[in-house]
Structure formats: structure tokens, C-alpha cells
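Below is one structure, written out as C-alpha cells; the observations come after it.
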Amino acid sequence: MGKPRGFLEDARTEAKALAPKERVKNYQEFYVPLSKKDQQIQAGRCMNCGVAFCHTGIIAPSQKTTQPYGVIGCTQTSNQRIVGGEVGCPLHNLIPEWNDLIYKGHWEQAYDRLNLTNPFPEFTGRVCPAPCEDSCVCAINGESVTIKANELAIIENAYKNKLVTPYKPINRSDKKIAIIGSGPAGLACAWELNQYGYQVVVFERSDRIGGLLMYGIPDMKLDKSVIERRVKMMRESGIVFKTNHPIDSQKKVDSLLSEYDALVLATGASKPIDLCLEGRNLEGIMFAVDYLTHSTKSLLDSKQGDYLAKGKDVLIIGSGDTSVDCVAVATRQGAKSITRFERSPKRPLSRPKSNPWPLKKQTFSTDYGLKEAIEVYGKDPREYQKLTQKFVGKNGKVSGVIASDLCWSEDSQGRRVSQEVKDSQKEYKADLVLLAMGFGGSEEQIQTHFNVAFDAKNNICTHNYETTHHRIYACGDAKMGQSLVVWAIQDGIKCAQAIQQMLGKSDENQKNNNKCV
Numbered sequence: 001m002g003k004p005r006g007f008l009e010d011a012r013t014e015a016k017a018l019a020p021k022e023r024v025k026n027y028q029e030f031y032v033p034l035s036k037k038d039q040q041i042q043a044g045r046c047m048n049c050g051v052a053f054c055h056t057g058i059i060a061p062s063q064k065t066t067q068p069y070g071v072i073g074c075t076q077t078s079n080q081r082i083v084g085g086e087v088g089c090p091l092h093n094l095i096p097e098w099n100d101l102i103y104k105g106h107w108e109q110a111y112d113r114l115n116l117t118n119p120f121p122e123f124t125g126r127v128c129p130a131p132c133e134d135s136c137v138c139a140i141n142g143e144s145v146t147i148k149a150n151e152l153a154i155i156e157n158a159y160k161n162k163l164v165t166p167y168k169p170i171n172r173s174d175k176k177i178a179i180i181g182s183g184p185a186g187l188a189c190a191w192e193l194n195q196y197g198y199q200v201v202v203f204e205r206s207d208r209i210g211g212l213l214m215y216g217i218p219d220m221k222l223d224k225s226v227i228e229r230r231v232k233m234m235r236e237s238g239i240v241f242k243t244n245h246p247i248d249s250q251k252k253v254d255s256l257l258s259e260y261d262a263l264v265l266a267t268g269a270s271k272p273i274d275l276c277l278e279g280r281n282l283e284g285i286m287f288a289v290d291y292l293t294h295s296t297k298s299l300l301d302s303k304q305g306d307y308l309a310k311g312k313d314v315l316i317i318g319s320g321d322t323s324v325d326c327v328a329v330a331t332r333q334g335a336k337s338i339t340r341f342e343r344s345p346k347r348p349l350s351r352p353k354s355n356p357w358p359l360k361k362q363t364f365s366t367d368y369g370l371k372e373a374i375e376v377y378g379k380d381p382r383e384y385q386k387l388t389q390k391f392v393g394k395n396g397k398v399s400g401v402i403a404s405d406l407c408w409s410e411d412s413q414g415r416r417v418s419q420e421v422k423d424s425q426k427e428y429k430a431d432l433v434l435l436a437m438g439f440g441g442s443e444e445q446i447q448t449h450f451n452v453a454f455d456a457k458n459n460i461c462t463h464n465y466e467t468t469h470h471r472i473y474a475c476g477d478a479k480m481g482q483s484l485v486v487w488a489i490q491d492g493i494k495c496a497q498a499i500q501q502m503l504g505k506s507d508e509n510q511k512n513n514n515k516c517v
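Start counting the sequence shown at 1; every next residue gets the next number (the UniProt record's numbering).
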């Protein structure tokens, strides 16, 4: 612990963002990192806690309780619930250690410690919502340590100083493993298996590697050169990537099984949730992920982009990160207006007792895309407690959405339930509607082509990562449903370890002794 009173003496300072009206002129990342000196001061705020929750990486269940929960000791009445969630980093990053090393100026050693647990800190340092910071002990009565920014500073400094190098195992196995899908889980699984010495081939149905990292997240949050930089390093480490290679038939699956010792399904939770309402087939209604994919692909292919939202009244249904990204992209594309529907009420300004530390703080906030829309259009695009009833149109094209208001209450178990407000229907103008309500598991064709079982939520069933089909494994969102990038990375690593055990080389020293050349 380099500075015992750092968290008392130094305030949290974050990277500065360009002004909203300035940054919407392009799709570039808009945060200006702190200087090395200032970042070291921020790392010095780490308390080196006796019990550091930041790297626990657990899922706290929802529960009804009358007992104090968490260190803040909130007491619930019998009809109230603690809403569970993620606590800490699932990668178990050695956060106090590398914070201390940053503070002392030992950047290379900090990278060595970070590299032990996180293969892709340049991704998580940009797009992770940082459950580590939510569970930081400093956050109990103050502001958390800037863990996410510290992580990003470590990896970018490592790239700048050529510390990130290819990993080529000395002993290459004759066993081959095929990974289907190149999102964060597939990439993490490939990286881990390569370190064990296996021959790894990654199959991607799209024209570029990265999955949702490439096409589901806009450039201003994750510049695509960052992904390409990492993929280049992976190629130089011996991993083979094949784009435009959909595995979309039983014949192709059988061919892979005959050639490879194991297959890994890292195909994501790629089935978007739909709204089967009257007027759904009208032109101008599309899934948010398709809209974001179209935007990113058009920018990468032409450098100019194809602006689907230009001059249109855009209405987004959903309240997660994807909806924020849609707001940000539509703003940059020159939308006439932007509206976003949320089923939930506006969050409170202060933390409710049902949401204690170390869970993610559920209070009102305004994310980057919403800030931009407020500046550009002069109003907050969020409409709360809205229930979409139907889509209306003219000449086969959507022209509006009819929605009613919702009221929320608690049932006898303390669970939130909604009820439609009578006679509250209203029509909202919209000639582009984006459905951003999340994903409902894997696509049905995976079950058919790979002959694997799904659970009730359309996730692939596994036991120790192996599916119901021998030698076919699954990891990431395909196995556990929609999640964070950091959880997908962790799951990919664990899947690789399960395959290593299956192939009869469970000695962890094999990986540790496979020094790179």
C-alpha cells in the first residue's frame, strides 16, 4: 500500500470527455486520458483492503430478508427484497497489487500482474461497466478508486512500450480445436488454449473478427483498431482465424468433428428479443443490434457511412447499454428527433435500501449517448414507464408507436409488478423504430446443426462446459445468456481449462512451462 491515506487526501479524478456537441461530429473515442503522474495519484487511492471485494467475482442472489445485508447494515422489512447482482471482477484481477505498482511507477510490473488474469484489458478498460468499482470499499461512503481507468492505462502503456508480445508455445500439440464465434468468449478461449499448446482455429461467420465487440459496440466506445491490434497479436501467436465461415449445416459440423479433437460454441446470445405486436412487419422497424452493425460496417467499408437515421424521428424501445449506443449513433447520423421508451420508473437520486453496497448502484444517471442527445436536441429522450401497444404506419412504412403508461407497485413478496394505466394511450411519431430489449438466448439453428440441448431460456446446456454432444463445448453468452464482456472472457478461459482437462493434460504447469519464443 503505497499511500495509506491516499483515499482520504486525493479526490477521484476521471479522464475528461470532449464536449458532447464537439464529439458527435465523428465516431472517434472522446475521452482524454490522465497523465501518468495523475493516474499514479488515482492508483494511490486504493486502500489495499483487508477483504477486497473488487476482485471477488460472484453473483449475489436476490433475497427477501429482515437481516442486515452488506457492510452498510441496511435492515429490510419482511415484505422487501434485496435485488441481487454481480459483485466484483469475475476475472479476479489482482487489483490492489497493480494499483500499488502504478502508484510506485512500476508500470511494467503492473502489466505483468494484470496479464496474469485478464487477456484483453484493452477491451474491458473501455467497455466494461466496472463491477469492480461498484464493490470497491471506498464506494461505501465515498467514491470508488478509478480501477477501470487504471487498467486501461496499464495496457495502453504496455502497448506503447512494446511489452505486449506474441505468445508462441515451445511445445505445440498435435491436437486441434475449432472455436465457432470470435466474440470475447471465443477469443479468450482461443488465447488460453493456445497457451496450452493446442492448434486453435477460430471460425467467424462475419467478415471481421470480434463478434459484438466489432459490430455491436460503436467506435466511440471501442475503436476497431483496438480489436485489430489484439487479433494481430493472436495471429502472430499461432491462432488461425477464418472469416466468412458460417458453420450452418449438419454436414459442416460433421466435417469439423472429423478434423478437430474438440469444438467450442462461442456463438453468443445472438437471438434478439422481439415485440410481436400489431404492425411489427412495417418497414422501418429493426433490431438495435442490426442497426449498430449496419452503422459500423458501413463506416469500416466506406469511411463515410450509410446514415439510416438521418432526418428521421427515431424511437428506441429498451433501456440498456445498447439503447444508449443507438441514441449516440442516431445523434451522429443526424436524426430529426430521438425518443427512448423505458418500462421502469425513473431511478432515485439516492441509493435505496434494497440496493446495498457492494451491488451495482441503482441510482439515476445519464450515460454518454443520452448526454449528447440532451445537448443536441435540447431535451432528455427518455420516456419512463411506457408500455408499447402497437406500431402504426402509412403505405407499409412505420409512422408511429402507440404506447400507454405503466404504474409500479410491490406484491406480497416484495417484487415489483406493473399495471397499465387506463386511458393513457398516446401515439409517438417514429419512422425508425429500434428494438433494444436484449437477447433471448441462442439461435435455434445451433441446436439443430450441432445436435445440442437448450435450456428453457434458449441457452446451451452444459456440464463442466461440455454440451450434450460429446466433444462439443460451449462458453460465454451462448451458455449462460446475455452478460458482460468480462464475464464472457472469464467463461472462455474456464472452458479452455475444461477442454485441457478432457484431453488428458490437466497439469497447469504445461501452460506455465510453455514459455513463448
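Idealized CB from N, CA, C, for every residue including glycine.
Beta-carbon proximity check, Ile180 vs Ile247, cutoff 7 Å: Along the sequence shown, read from residue 1 onward, the residue named residue 180 stands at position 180. Along the sequence shown, read from residue 1 onward, the residue named residue 247 stands at position 247. Yes; because the gap between Cβ atoms is below 7 Å, this pair is in contact.
Helix, strand or coil for Asp431? Go by DSSP, reduced to three states. Translated into the one-based positions of the sequence shown, residue 431 becomes position 431. In this structure, Asp431 counts as coil in the three-state DSSP scheme.
Measure the CB-CB distance between residue 523 and Tyr384 and report whether it falls below 7 Å. The structure shown does not extend to residue 523, since the chain is modelled only from 1 to 517, so the question has no answer here.
Under three-state DSSP, which class holds His55? The residue labelled residue 55 in the question sits at position 55 within the sequence shown. Helix.
Suppose contacts are defined by Cβ-Cβ distances below 7 Å. Is Lys390 in contact with Leu277 by that definition? What you label residue 390 is simply residue 390 of the sequence shown in a count that begins at 1. What you label residue 277 is simply residue 277 of the sequence shown in a count that begins at 1. Going by C-beta atoms, Lys390 is nearer than 7 Å to Leu277.
Quick check on DSSP: helix, strand or coil for Thr267? Numbered from its first residue, the sequence shown carries residue 267 at position 267. In the structure shown, Thr267 sits in coil (DSSP, three-state: anything other than H, G, I, E or B).
Length-filtered (4 minimum) alpha helix (DSSP H) runs lying within the segment 305-363: 321-332
For a test of the three-state rule: what should DSSP assign to Thr75, helix, strand or coil? Looking up residue 75 in the sequence shown gives position 75. Residue confidence is low: Thr75 scores 38 on pLDDT, short of 50, so the model does not pin down where it sits. Its coordinate-derived value is still stated next. Looking at Thr75 - three-state DSSP - the assignment turns out to be coil, as it is neither helix nor strand.
Span separating the alpha-carbon of Gly414 from that of Trp408: Numbered from 1 along the sequence shown, position 414 holds the residue referred to as residue 414. Numbered from 1 along the sequence shown, position 408 holds the residue referred to as residue 408. Distance between the alpha carbons of Gly414 and Trp408 is about 12 Å.
Length of the line joining the Cα atoms of Leu503 and Phe203: As a working mapping, residue 503 is identified with position 503 in the sequence shown. As a working mapping, residue 203 is identified with position 203 in the sequence shown. Approximately 21 Å between the Cα atoms of the pair.
First and last residue of the alpha helix (DSSP H) that includes Phe123? Translated into the one-based positions of the sequence shown, residue 123 becomes position 123. First-last of the alpha helix (DSSP H) with Phe123: Pro121 to Val127.
So is Ala51 buried or exposed if we call it buried at 16+ other beta carbons inside 10 Å? As a working note, residue 51 is residue 51 in the sequence shown. The amino acid occupying residue 51 in the given sequence is Val; Ala does not appear at that position. So Val51 counts as exposed.
Please return the same chain residues whose Cβ sits closer than 7 Å to the Cβ of Asn458, not counting the five positions on each side in sequence. Numbered from 1 along the sequence shown, position 458 holds the residue referred to as residue 458. Contacts found: Lys271, Gly440, Gly441 and Ser442.
Measure the C-alpha to C-alpha separation of Gly73 and Pro358 and round it to an integer number of angstroms. As a working note, residue 73 is residue 73 in the sequence shown. As a working note, residue 358 is residue 358 in the sequence shown. Its pLDDT being 38, under 50, Gly73 is placed unreliably by the model, and nothing is read from it.
When DSSP labels each residue in this structure, what does His449 get in the three-state scheme? To locate residue 449, count along the sequence shown from 1; it is residue 449. Reduced to three states, the DSSP call for His449 is helix.
Measuring CB atoms only, is the segment 126-139 touching the segment 54-62, in the sense that at least three cross pairs come out at less than 8 Å? yes
Can you have a look at Glu192 and say buried or exposed, based on whether 16 or more other CB atoms are within 10 angstroms of its CB? As a working note, residue 192 is residue 192 in the sequence shown. By the neighbour-count rule (16 or more Cβ atoms within 10 Å), Glu192 is buried.
Relative to the C-alpha of Gly105, which residue among Val87, Gln39 and Tyr196 is closest? The residue given as residue 105 occupies position 105 in the sequence shown. Comparing Cα positions, the closest option is Gln39.
On a Cα-Cα basis, can you pick out the residue from Lys221, Leu349, Val324 and Pro121 that is closest to Tyr31? The residue given as residue 31 occupies position 31 in the sequence shown. Checked all of Lys221, Leu349, Val324 and Pro121; the closest Cα to Tyr31 is Lys221.
So, are the CB atoms of Lys312 and Ala288 less than 7 Å apart? Taking the sequence shown and counting its residues from 1, the one referred to as residue 312 is at position 312. Taking the sequence shown and counting its residues from 1, the one referred to as residue 288 is at position 288. No, the pair does not count as a contact, with Cβ atoms beyond the cut-off.
Under a three-way DSSP split, which group does Lys100 fall into? Looking up residue 100 in the sequence shown gives position 100. One detail in the question is off: residue 100 reads as Asp in this sequence, not Lys. In this structure, Asp100 counts as helix in the three-state DSSP scheme.
Can you tell me the Cα-Cα spacing of Glu14 and Leu34, whole angstroms? For the purposes of this step, residue 14 is taken as residue 14 along the sequence shown, with counting starting at 1. For the purposes of this step, residue 34 is taken as residue 34 along the sequence shown, with counting starting at 1. Computed Cα separation, rounded: 7 Å.
For Lys386, collect the residues of the same chain with a Cβ closer than 8 Å to its Cβ; drop the 5 residues on either side in sequence, then sort them by chain order. Walking along the sequence shown from the start, residue 386 turns up at place 386. Phe341, Glu342, Arg343, Ala403, Ser404, Asp405 and Leu406.
Got a sec, what are the start and stop residues for the alpha helix (DSSP H) Ile209 sits in? As a first step, residue 209 is located in the sequence shown; it is residue number 209 there, counting from the start. No alpha helix (DSSP H) contains Ile209, which DSSP labels as neither H nor E.
Leaving out five residues before and five after Gly44 in sequence, what residues of the same chain have Cβ atoms less than 7 Å from its Cβ? Taking the sequence shown and counting its residues from 1, the one referred to as residue 44 is at position 44. Hits under 7 Å: Gly2, Lys3, Gly6, Asp10 and Tyr103.
By the three-class DSSP mapping on this structure, what secondary structure does Arg113 have? To locate residue 113, count along the sequence shown from 1; it is residue 113. It is helical.
Assigned exposure category for Thr339 - 16 Cβ within 10 Å defines buried: Start at 1 with the first residue of the sequence shown, and residue 339 comes out as number 339. Buried is the call here.
Three-state secondary structure (DSSP) at Cys49? On the sequence shown, position 49 is the one that residue 49 refers to. Residue state, collapsed to three classes: coil.
For the alpha helix (DSSP H) containing Glu228, list its first residue and its last residue. Taking the sequence shown and counting its residues from 1, one reaches residue 228 at position 228. Lys224 to Glu236 is the extent of the alpha helix (DSSP H) around Glu228.
Measure the C-alpha to C-alpha separation of Ser78 and Asn141 and round it to an integer number of angstroms. Along the sequence shown, read from residue 1 onward, the residue named residue 78 stands at position 78. Along the sequence shown, read from residue 1 onward, the residue named residue 141 stands at position 141. Reliability of the predicted coordinates at Ser78 is poor, the pLDDT of 40 falling under 50, and the value obtained from them is presented with this limitation in mind. Each residue's alpha carbon lies about 26 Å from the other.
Is the segment 140-155 touching the segment 114-122 in the sense that three or more CB pairs, one from each, lie closer than 8 Å? yes
Using the three-state DSSP reduction, which class does Cys407 fall into: helix, strand or coil? Numbered from 1 along the sequence shown, position 407 holds the residue referred to as residue 407. Three-state DSSP puts Cys407 in a strand.
My understanding is that Asn478 touches Ala266, with C-beta atoms under 8 Å, so please give their C-beta distance in whole angstroms. Against the sequence shown, residue 478 aligns to sequence position 478. Against the sequence shown, residue 266 aligns to sequence position 266. Checking the displayed sequence, the identity of residue 478 turns out to be Ala instead of Asn. Contact flag correct, Cβ pair sits at about 6 Å.
With three or more beta-carbon pairs closer than 8 Å as the criterion, would you say the segment 160-168 touches the segment 460-478? no
Mapping DSSP to helix, strand and coil, what is Pro169? Numbered from its first residue, the sequence shown carries residue 169 at position 169. In this structure, Pro169 counts as strand in the three-state DSSP scheme.
Keeping to the same chain, check which residues put their C-beta closer than 7 Å to that of Leu282; ignore five residues upstream and five downstream. By 1-based counting over the sequence shown, the position of residue 282 is 282. Result list for Leu282: Phe391, Gly393, Gly396, Lys397 and Val398, in chain order.
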